[in-house]
Structures are given as C-alpha cells and as structure tokens.
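2 protein chains.
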Amino acid sequence: MAATIKDIARRTGLGLATISKYINGGNVLPKNREAIEEAIRALDFKVNETARNLKTRHTGYVGLVMPALTNSFIMQIIQQIQLQLRANGYGTALYCSAPGNEEIRRQTELEAIDFLLQKGVDGIINLPQNEDGVHLLKPLELGIPVTLIDKQIPELADRVSSVMIDNVGAARAATDELLNAGHRNIVAFFHGETNYTGRRRAEGFMDALRQRGYPVDSERVVFMGGLGRGSSVDRIREKLRQYQPTGVFAANSGLTSRVLEALELEDLRVPDNVSVVGFDGVGIEDGRRIKLYSMLQPTEQIGTTAAQIMTEQLHFWAKGEVFPPQVRTLPATLFVGNSIRRI
Amino acid sequence: MAATIKDIARRTGLGLATISKYINGGNVLPKNREAIEEAIRALDFKVNETARNLKTRHTGYVGLVMPALTNSFIMQIIQQIQLQLRANGYGTALYCSAPGNEEIRRQTELEAIDFLLQKGVDGIINLPQNEDGVHLLKPLELGIPVTLIDKQIPELADRVSSVMIDNVGAARAATDELLNAGHRNIVAFFHGETNYTGRRRAEGFMDALRQRGYPVDSERVVFMGGLGRGSSVDRIREKLRQYQPTGVFAANSGLTSRVLEALELEDLRVPDNVSVVGFDGVGIEDGRRIKLYSMLQPTEQIGTTAAQIMTEQLHFWAKGEVFPPQVRTLPATLFVGNSIRRI
DNA sequence: GAAAAAGAACGAAACGTTTCGCTCTTAAAA
DNA sequence: TTTTAAGAGCGAAACGTTTCGTTCTTTTTC
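Listed in order, the protein sequences are those of chains R and E.
Under our numbering, the residue at position 72 of the first sequence is numbered 72, and the numbers go up by one with no gaps.
Quick note: to get our numbering, add 343 to the position in the second sequence (first position is 1).
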C-alpha cells in the first residue's frame with residue numbers, strides 16, 4: 001500500500017541501511033542523496049512510525065494527566081503544553097479525571113497512568129491528585145520521565161521535575177491587598193488540608209498577617225477538603241454568618257466561584273458588604289459591574305516550561321544520559337478589580 | 344527487559360501462536376489456559392502494543408482536532424470525548440489550533456491532520472475550521488473514519504458522520520424569548536458569514552421573526568467574520584449606537600462575551616436598557632446579579648455520541664465492513680436568566 | 001606510488017506481535 | 001469399533017524499521 005523503505009531501496013538500487021541512514025540524518029553520497037530524495041518524492045514515502053517505534057522503543061507521545069476540565073486554568077495549561085509538545089514533534093495523549101470527589105479523582109489518576117503506560121508514552125506531564133506520588137512510582141521505575149505541574153511531591157523531589165507558581169508569595173500578595181485596604185476580619189478558604197497547593201497558599205495568607213503582627217485565627221483559615229459543590233457552599237455561608245468578615249480570600253478558582261455563590265445566597269454585596277480577592281480569573285469576566293481582584297497564574301509560561309522540560313528530559317534520555325530534575329517557580333500577577341472597599 | 348509472548352511460550356512449553364490466540368480471546372485448553380495465566384502473572388506480562396500495532400496496522404489512538412481551548416463548550420466536549428474514548432480502550436491524541444484569526448486556524452487544521460496522520464491515528468474527531476472539508480480528503484482516502492462536531496460539511500455528507508445541535512431551532516427558541524417579551528428592535532450577532540453554524544443560527548433567528556410576520560432587517564443580522572476581539576467589540580458598539588436595540592441575541596459564546604463587553608463600554612445596563620440572550624452559558628456565572636438567558640448545548644451528550652459513533656465506525660472498519668455515516672441532531676436547552684425585560 | 005585511515009554502503013538480524021496453513025488430538029457420528 | 005469432523009496447537013513468515021559488524025571505496029599520509 002504505502003511505500004516503504006524497501007521500495008526506496010529497490011528504486012534507487014541502494015541498500016536498506018543506507019536509506020535508513022539518510023532518513024535519520026546520516027551522511028550519504030550526494031548523488032545517492034539525490035536519488036533517495038527523488039524516490040521519496042515520487043513514491044510519496046512517509047516513514048512508518050509504528051515500525052520505527054517498535055525498534056527504538058519509544059512512541060513519540062507524551063501523556064498528559066489532568067484533573068477534570070472544569071476551569072480555565074487547566075484548559076490554558078493543556079492548550080499550551082500541547083502546542084509546545086507538538087512543536088517538538090511529540091503527540092499529546094490526553095487523559096482527564098472524570099469529575100468527582102477526591103477519592104475518585106485519585107483513583108482515576110492511577111488508572112490514567114496504567115492506561116498510558118500500556119498504550120506507551122515516552123513521558124508524563126501531570127497535575128497530581130495523589131499528593132504522595134504513588135502513582136508515579138511505576139513510570140519512574142520504567143525510566144519514564146515525569147514533570148509535575150502546580151505541585152511538588154517532596155518524596156519524589158529528586159526524581160521528578162515541577163513547574164508551579166510561588167504559591168506562598170501569591171497568597172501573601174492577595175492578602176496584602178485586603179490588609180492594605182484596612183481589612184482585619186478576613187476569612188480565607190483553601191483546598192483540602194492535604195493539598196500541597198492549599199497548604200502553601202494558607203501559609204502565604206498567614207505570613208501576610210504575621211508579618212504585620214496581626215493574630216492568626218485558625219477558625220478563619222478554612223480548609224475545604226472533600227466537600228461537594230453544594231456542601232462547600234453551605235460551609236462558606238456558615239463561616240460568613242458566623243464571623244461576618246469584611247474581607248474574603250478564595251485560594252483557587254473553584255473556591256472563588258463557590259464564594260461568589262455563597263455571597264449571592266447570603267445576599268451580601270461585593271464590595272459594599274464584603275471585599276473579595278479570588279484566584280485564576282474567576283469573577284473578572286466581561287459585563288460584570290464588579291470585577292474581583294484576582295491572582296492570575298502565568299498559564300502560558302507554565303505550560304510552555306513544563307513541555308520544554310519534558311522535551312529536554314526526553315532528549316537526554318534518548319542519549320542514555322540522566323537529566324537532573326528541574327524545579328521552576330514562576331510569579332503570579334494580580335488582576336486589579338473593584339471588589340475591595342477601603343475601610 | 345519486559346516479558347514477551349516468547350517468554351510465556353517458553354515458560355509454558357506452548358507455541359507462540361497459542362499464546363497469541365489466548366491473548367486475543369481465542370479458545371485454549373483449560374489446563375493450558377491456566378498455565379498461561381499463571382505465567383502472565385508470574386512474569387507480569389503486558390502485550391507490547393507497538394508490536395501489535397505494527398502487525399495490525401492500527402494504533403489505538405483517535406485524533407481530536409479542535410479549535411483553541413477558549414471556551415467551556417469546547418472544553419466540555421473534549422472532556423467527554425476523551426472519557427468515552429478511553430472507556431472503549433482508545434487513546435486521545437489532542438491537537439488544538441493555536442489561537443488566531445480564521446486563516447491561521449484553517450492552516451493549523453491542515454497541519455493537525457498531517458501531524459496526526461503521520462503519527463498514526465485510527466480515526467479523527469474534528470470540530471472543523473475548514474468548512475469545505477479539504478483537510479478531510481486525505482484521511483478519507485486512507486480509509487480513516489471521520490466524525491464531525493458542531494457542523495456538517497455538505498460536500499462530504501455521504502462520507503463523514505456529524506453530531507450537532509439543532510442550530511436553527513436553538514436560535515429560534517432564543518429569539519422567541521425576546522419576541523415574547525415584546526421586543527421588536529432586535530440586533531443579532533453571528534459568526535462569520537461563511538460559517539455553517541452561524542448561518543444556521545441566523546436562519547433560526549430570521550425564521551422566528553418571519554413566523555410572526557415581522558420584517559427582517561438585514562442590517563440587524565450581523566455577521567462578524569474575520570474580526571479580532573477588539574474590532575468585533577467596536578463593531579457591536581457601532582450597531583448598538585446606530586440601531587439602539589432593546590434586545591440583543593448573541594449566537595455563540597465568544598460573541599456573548601463581546602456583547603457584554605460592548606454593553607459595558609457603552610454604559611448600557613442589562614436588562615434595563617437592553618435585554619440579552621446569549622449562548623453556551625457565558626454570563627450565567629455565580630455571583631452575577633444579572634444572569635443572561637442562554638442557549639445551552641448538551642455538551643456531554645454531544646461528546647459521548649461523537650465518541651460512540653467513532654468507536655462503532657472503528658469496529659466496523661476492523662471487520663472490513665463499511666459504516667454508513669451517521670448524522671445526529673440534538674436539542675439545545677434554554678437557561679432562564681433575568682436578562683430580559685418585558686416591554 | 002604504496003600503506004593507512006576514513007567514509008559509505010551493505011546484508012542480516014533483530015524488535016514483539018499476528019496469522020496462515022498445517023498437523024495432531026479428541027469428540028461426535030455412523 | 002471405525003470414520004468424520006471439529007478443535008487445539010504449532011512453526012514460520014510476515015509487518016517496516018534500526019543497527020551491528022563487515023566489506024568496499026575513497027581520500028589522506030608518508
């Protein structure tokens with residue numbers, strides 16, 4: 001059907017090995033090179049990647065293991081990674097968790113790795129749900145490079161790369177905005193207590209308070225692990241009623257949207273009743289009278305960097321060398337909205 | 344390194360062919376079956392998909408060719424397709440256009456097909472940018488099944504499947520909402536004139552007017568082809584000033600967000616000054632005082648259906664049979680907001 | 001101009017499966 | 001029982017590359 005290297009060999013009268021050499025950029029006599037090129041054009045030859053993969057034991061695919069596609073942060077990262085990967089000739093094998101609770105997401109992640117390993121991928125880029133990194137042991141053992149996004153896994157620090165923002169700094173900056181406007185009664189919402197990103201951002205929040213000598217009330221540092229959308233909105237409403245904060249900080253996109261919902265249900269106005277700083281651009285959409293202050297992550301850069309690290313790793317790996325794991329921490333930026341009232 | 348079929352054969356004393364047969368679900372003597380299973384467990388054998396692919400000339404990947412990931416409609420579709428595909432054992436090779444103007448998107452789509460064809464995919468699911476379907480000729484020629492999302496390509500109607508909503512009906516329903524509330528001066532914004540989806544929705548809009556005997560003013564049926572974000576917002580503002588509509592219909596998510604921006608810049612309030620119906624859930628986010636009426640597409644169903652059709656096609660194809668192309672038209676639903684004022 | 005060194009080309013053996021055509025058992029039919 | 005038919009098992013040849021070790025050709029060096 002499609003032309004093979006054999007056809008080229010036959011047509012040019014050269015040997016298989018020579019054709020292969022040419023294809024892979026080796027040196028060939030000028031007249032032979034011309035003959036080969038002519039034949040390739042005439043027969044519309046394309047190398048059969050599958051056959052090549054069988055020999056070289058790699059596949060040209062990078063597995064991208066992500067949570068459910070529920071927010072624009074994840075979406076932009078995926079877009080960017082995929083863009084960069086293909087610019088380097090790699091395909092992107094996407095695997096997203098089904099939406100669901102933490103347990104399900106963790107489980108799906110295990111399946112994701114198995115699935116991709118079985119299909120065959122050269123590397124894995126992952127925004128991890130299993131914070132202990134159990135799911136990465138198998139790929140690592142198989143010598144498959146892993147790059148993490150958004151999180152670090154201490155246990156695996158010397159074996160995997162990560163790309164993320166300065167979470168502590170970002171949360172501190174966000175908190176400072178409220179503090180600068182005179183707010184003292186601030187309630188802040190974070191991911192689950194077991195969540196790396198959540199913990200780091202909580203640290204940043206508390207840092208900001210301590211730095212100015214304000215007390216940290218642990219009741220006002222709220223971790224929202226393992227709650228469904230409905231119950232987390234309820235939880236937020238409780239906190240709002242109980243502490244009547246003048247300022248609220250929501251440490252990720254999901255929480256920001258839940259905070260908005262809770263505020264709405266509690267009939268509290270932003271910024272008249274409550275000042276709000278959110279995350280990842282939720283609440284800054286067009287046509288809103290009130291746009292939230294929001295910490296924006298440099299998604300393009302995160303994606304590009306992750307993919308670049310992966311490509312480098314892969315190149316090293318192809319040469320049989322080991323690649324020292326990289327950790328890149330990028331700064332987040334503040335979107336200035338009108339959701340903060342000076343008091 | 345990893346165990347192969349040969350190792351299993353050696354260990355069990357059986358022939359290669361027998362092991363292969365077992366793996367592919369053939370009949371084997373009970374005692375042999377046990378022996379094989381034991382060996383597989385003991386050696387942790389996994390079939391080498393690459394080798395299998397070389398023989399069977401397929402890859403277990405479906406290419407997903409999508410526009411840039413800029414809205415939740417696309418995102419949800421991708422999520423769902425990928426979910427369904429993997430449930431059937433297929434990997435998802437994602438390829439998204441770089442963001443950019445129409446020309447670029449069309450070009451990227453050509454590249455996407457080439458890239459995926461070269462990498463090797465068994466089928467292609469595509470939300471097409473090239474409305475004439477030129478990019479699909481090559482895969483079709485190669486016998487690779489294609490399923491379209493969101494659009495139909497008349498020229499290829501007998502060779503590709505499509506899954507989409509009833510665009511005419513959806514636009515008509517949206518328009519009816521404005522009409523029912525007493526609006527007569529309505530300006531409606533659509534994709535480019537050359538865009539299938541845009542044209543169908545424009546039809547629906549005009550249908551709704553005609554059905555009640557109202558005149559259709561072509562100046563109020565605005566196609567926004569080939570404009571960047573900035574200039575399309577300007578265009579909308581012009582129209583708003585010129586015709587001072589009491590009602591506006593935005594026929595997709597991008598346009599809805601642009602309309603919101605334009606309204607904001609023109610200092611027009613929804614619904615006090617202008618009533619609005621949008622698309623794809625833009626403007627119904629939490630924490631908005633005013634939520635738009637919005638036509639919602641059944642993204643889950645679209646994605647699942649597309650992936651299912653693809654899997655069926657692939658199964659037929661594997662048996663050497665031809666699969667009659669399917670066209671599925673799904674209904675959209677209306678989200679009832681508070682963005683319409685009765686007049 | 002001969003010897004040595006370097007550069008190209010080559011044939012054959014992998015890589016790990018599936019599958020074809022055949023032989024050998026075993027069960028069913030007579 | 002014998003004959004037939006069906007069921008399992010098997011070896012060998014693919015699938016389209018890459019790569020190793022070798023031979024052949026050309027260039028360099030003395």
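Even for Gly, the Cβ is constructed at its ideal location relative to N, Cα and C.
What you are looking at is a predicted structure, and each value in this text was computed from that prediction instead of being measured.
Between residue 95 of chain R and chain E, the shortest Cβ-Cβ separation is below 9 Å. With distances taken between CA atoms, residue 495 of chain E lies nearest to E:479 out of E:353, E:479, E:620 and E:350. In the three-state DSSP reduction, residue 567 of chain E falls in the coil class, being neither helix nor strand.
A residue is called buried once 16 or more other Cβ atoms fall within 10 Å of its Cβ, and residue 372 of chain E, having fewer, is exposed. Shortest Cα-Cα distance from residue 250 of chain R to any of R:56, R:283 and R:37 involves R:283. Bridge partners of residue 636 of chain E according to DSSP: E:620.
Neighbours of residue 603 of chain E in chain R, taken as residues at a C-beta separation under 7 Å, are given in chain order as 286 and 287. When 9 Å is used as the limit between beta carbons, residue 607 of chain E is near these residues of chain R: 286, 287, 288 and 289, in chain order. The C-beta distance from residue 179 of chain R to residue 208 of chain R rounds to 6 Å, short enough to meet the 8 Å contact threshold. For residue 118 of chain R, the residues of chain E that pass the 9 Å Cβ criterion are 389, 390 and 392, in the order they occur in the chain.
In the three-state reduction of the DSSP assignment, residue 186 of chain R falls in the strand class, which pools E and B.
A residue is called buried once 16 or more other Cβ atoms fall within 10 Å of its Cβ, and residue 437 of chain E is buried on that count. Taking the Cα of residue 386 of chain E as reference, the smallest distance to any Cα among E:421, E:366, E:350 and E:677 is reached at E:350. For residue 418 of chain E, the nearest beta carbon of chain R is closer than 9 Å to its own beta carbon. Taking the beta carbon of residue 257 of chain R as reference, the chain E residues within 8 Å of it are 628, 629 and 630, listed in sequence order. Residues of chain E whose Cβ lies closer than 8 Å to the Cβ of residue 83 of chain R are, in chain order, 439 and 441. Excluding residues up to 5 positions away in sequence, 348, 351, 352, 355 and 379 lie with their Cβ nearer than 8 Å to the Cβ of residue 362 of chain E in the same chain. In this structure, the straight-line span from the alpha carbon of residue 573 of chain E to that of residue 287 of chain R is close to 15 Å.
DSSP places residue 504 of chain E within a strand segment (E or B) once states are collapsed to three. Along the region 447–476 of chain E, the positions whose C-beta sits under 8 Å from a C-beta of chain R are 458, 459, 461, 462 and 463, read in chain order. Using a Cβ-Cβ cut-off of 9 Å, residue 435 of chain E counts as an interface residue toward chain R, since at least one Cβ of chain R sits closer than that to its own. Residues of chain R whose Cβ lies closer than 9 Å to the Cβ of residue 422 of chain E are, in chain order, 68, 69, 70, 96, 98 and 99. Only exposed fits residue 561 of chain E, as fewer than 16 other CB atoms lie within 10 angstroms of its CB. Excluding residues up to 5 positions away in sequence, 170, 171, 173, 174, 277, 278, 279, 280, 332, 333, 334 and 335 lie with their Cβ nearer than 8 Å to the Cβ of residue 295 of chain R in the same chain. Remark: C-beta atoms of residue 194 of chain R and residue 228 of chain R do not approach each other more closely than 9 Å. Residue contact check for residue 571 of chain E against chain R: no CB pair falls below 9 Å. Using a Cβ distance threshold of 9 Å, residue 595 of chain E and residue 541 of chain E count as a contacting pair. Note on residue 39 of chain R: 16 or more other CB atoms within 10 angstroms of its CB, so buried under the neighbour-count rule. If the five residues before and after residue 55 of chain R are omitted, its C-beta is found closer than 6 Å to no C-beta atom of its own chain. DSSP places residue 269 of chain R outside both helix and strand once states are collapsed to three, so it counts as coil.
Per DSSP, the continuous alpha helix (DSSP H) segment holding residue 240 of chain R begins and ends at 229–243. Between the C-alpha atoms of residue 660 of chain E and residue 400 of chain E there is a straight-line separation of about 12 Å. In this structure, the CA atom of residue 565 of chain E is about 12 Å from the CA atom of residue 544 of chain E. For residue 271 of chain R against residue 338 of chain R, the beta-carbon gap comes to about 7 Å, under 8 Å, which counts as contact. Segment contact: the region 61–74 of chain R against the region 95–102 of chain R, three or more CB-CB distances shorter than 8 Å; contact assigned. Distance from the CA atom of residue 489 of chain E to the CA atom of residue 651 of chain E, rounded to whole angstroms, is 12 Å.
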